[in-house]
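> Starting off with a structure, shown below.
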Amino acid sequence: MAEVRVERLHRSFGEFTAVADISFTIADGEFVFFLGPSGCGKTTTLRMIAGLLMPSDGRIELGGRNVTYLKPRYRNVGMVFQSNVLYHHLSVYENLAYPLKVRGLSSSATRAKVEEVAAMLQISDTLRRGTDSLSGGQAQRVAIGRMLVRDADVFLMDEPISHLDAKLRAHMRAELRHLQKQLGRTTVFVSHDQLEAMSMADRIAVMNNGAVQQFAPPQEVFDRPANAFVAGFVGEPQMNILPVQLADGRAQAEGFSADLDTHWLARNRISPGAHDLGIRPEHLELSAHPLPGGFTTTLEVVEPMGPENLLTFTLGGRDFKLRRPTGESDRFREGDRVHLRAPADHIYLFDHATGRTLAQAAFTDRSHA
Ligand SMILES: Nc1ncnc2c1ncn2[C@@H]1O[C@H](COP(=O)(O)OP(=O)(O)OP(=O)(O)O)[C@@H](O)[C@H]1O
Ligand SMILES: [Mg+2]
């Protein structure tokens, strides 16, 4: 059982800064995701927590113990990486049993533990086989199993299921989430799949350019993003963000207009001028008739997505997306003129220069009261 505390952790490679002075604390038993685009520093941070890579500066504590420069074997962390090396001269059973054997567990206790973990991971029927005969997905589950059988204080997983097919991945998500709660073990899971993070995490550290942009529960990250990067990274398709001019309670850009709530603007101390406006694709209203306070555009692409249609138009040279239920949007075709409205209580405002969130959408005040 252990809390993970990271203070001003820094790592550079020559001139290049991979991880820039990040600080956070992961509570004992918490399931935390590092989420961010390729190259943002997720693996580098995880490797420093594991002890596989030394920091350039900063401090790492596990369970209150300073482990910053300790070797991995003195940290009691369990790890799974995207590609794992199994012991190829040993069977699956022996691969799983090995971490227990070196700890001196009795053979009956070892067998019970290995069988339990193998059942959980649906690899019971491979236990007698050599690891060379396994599919990629099976081999990855053996690697996860090897971490699970150990009594580590902290589990570290770097995209452990991203190679698996969609069905198995969905199954593994649910199983890993269940198992993590059951074991109550502090776990850090690296992913660039936001759905994985949203569905499994207690809290998500959204990273970009070697820095943590926001560290909060999934719904908070989604509803109340700290900046335009987080707003754009979380959500499928991503939030529409448009530079606008704000005057007299109205936001305008070429071909776009939205009436804002003057109380909301005042409460958030928003001054007139240039800002970035954000609205999620699911929050735009669509109509065949003009909408008061709305704008008019031409649909360029209509994509059916089962119960919804995804509609694309362009504004200021960028794609803008809207998602509407099929019943409401089925009659619209590519090339149709349509009327849209961005409802005042679903609009976000970001600082145009820094991307910092200036005003969260008003509806979130109620959902996060
Ligand atoms: N040993 C190294 N030498 C030089 N640069 C490195 C080294 N390891 C990592 N980097 C760089 O540091 C940055 C962060 O890498 P890291 O592997 O942490 O990214 P990541 O967030 O895990 O990305 P991905 O999602 O692609 O796995 C990248 O630009 C990478 O090229
Ligand atoms: Mg990585």
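For the sequence shown, full-length UniProt numbering assigns the number 1 to the initial residue and increments by one for each residue that follows.
In this text, a Cβ means the ideal position worked out from N, Cα and C, and glycines have one as well.
Keep in mind that this is a model prediction, so the values were computed, not measured.
(1) What residues match up with residue 10 in a beta bridge as DSSP calls it?
(2) What are the boundary residues of the alpha helix (DSSP H) that residue 222 is part of?
(3) Taking 8 Å as the CB-CB cut-off, is residue 15 touching chain D?
(4) Going by other Cβ atoms of all chains shown within 10 Å of its Cβ, with 16 needed for buried, is residue 266 buried or exposed?
(5) Can you tell me which of 7, 44 and 303 puts its alpha carbon nearest to the alpha carbon of residue 13?
(6) Is residue 245 helix, strand or coil when you go by DSSP?
(7) With 16 other CB atoms within 10 Å as the buried threshold, where does residue 323 fall?
(8) Threshold first: 4 residues or longer. Then list the alpha helix (DSSP H) segments lying entirely within the stretch 231–275, N to C.
(9) How about residue 370 and residue 274: are their beta carbons less than 8 Å apart?
(10) Closest to residue 261 by C-alpha separation, out of 253, 313 and 270, would be which residue?
(11) Taking 8 Å as the cut-off, decide whether the C-beta atoms of residue 177 and residue 99 are in contact.
(12) Per the DSSP calculation, residue 332 is bridged to which residue(s)?
(13) For residue 319, count neighbouring C-beta atoms within 10 Å of its own C-beta (all shown protein chains included) and say buried if the count is 16 or more, exposed if not.
(14) Have a look at residue 105 and residue 2 and give me their C-alpha separation to the nearest angstrom.
(15) Residue 88 by DSSP, collapsed to three states: which one?
(16) Three Cβ pairs or more, each shorter than 8 Å: is that satisfied between the stretch 29–45 and the stretch 195–209?
(17) CB residue 258 to CB residue 293, shorter than 8 Å?
(18) Cβ atoms of residue 62 and residue 193: under 8 Å apart, would you say?
(19) Kindly identify the DSSP beta-bridge partner or partners of residue 156.
Put simply:
(1) If you number the sequence shown from 1, residue 10 lands on position 10. According to DSSP, which records beta bridges pairwise, residue 10 is partnered with 57.
(2) On the sequence shown, residue 222 is found 222 positions in, with the first residue counted as 1. 218–223 is the extent of the alpha helix (DSSP H) around residue 222.
(3) In the structure shown, chain D cannot be found, because there is only a single protein chain.
(4) Taking the sequence shown and counting its residues from 1, the one referred to as residue 266 is at position 266. Residue 266 is exposed by the Cβ-count criterion.
(5) Within the sequence shown, residue 13 is the residue found at index 13, counting from 1. Among 7, 44 and 303, the Cα nearest to that of residue 13 belongs to 44.
(6) Taking the first residue of the sequence shown as 1, we reach residue 245 at position 245. Residue state, collapsed to three classes: strand.
(7) For the purposes of this step, residue 323 is taken as the residue at position 323 of the sequence shown. Residue 323 should be labelled buried.
(8) 262–267
(9) The requested residue 370 does not occur in the structure, where the chain is confined to residues 1 to 369.
(10) Sequence index remark: in the sequence shown, residue 261 carries index 261 (1-based). Taking each of 253, 313 and 270 in turn and checking the Cα distance to residue 261, the smallest one comes out for 270.
(11) Along the sequence shown, one-based indexing puts residue 177 at 177. Along the sequence shown, one-based indexing puts residue 99 at 99. Contact flag unset, no.
(12) Position 332 of the sequence shown, counted from the start, is the residue given in the question as residue 332. Its beta-bridge partners do not exist; DSSP assigns none.
(13) Here the question's residue 319 lines up with position 319 in the sequence shown. Exposed is the call here.
(14) Here residue 105 corresponds to residue number 105 of the sequence shown, with the count starting at 1. Here residue 2 corresponds to residue number 2 of the sequence shown, with the count starting at 1. Taking the straight line from one Cα to the other gives about 23 Å.
(15) For the purposes of this step, residue 88 is taken as the residue at position 88 of the sequence shown. Note: residue 88 maps to coil in three-state DSSP.
(16) Under the Cβ criterion (8 Å, minimum of three pairs), the stretch 29–45 counts as touching the stretch 195–209.
(17) On the sequence shown, position 258 is the one that residue 258 refers to. On the sequence shown, position 293 is the one that residue 293 refers to. Residue 258 is a Cβ neighbour of residue 293, given a cutoff of 8 Å.
(18) Within the sequence shown, residue 193 is the residue found at index 193, counting from 1. Within the sequence shown, residue 62 is the residue found at index 62, counting from 1. No, the pair does not count as a contact, with Cβ atoms beyond the cut-off.
(19) Position 156 of the sequence shown, counted from the start, is the residue given in the question as residue 156. Note: residue 156 sits in a beta bridge opposite 79 and 188.
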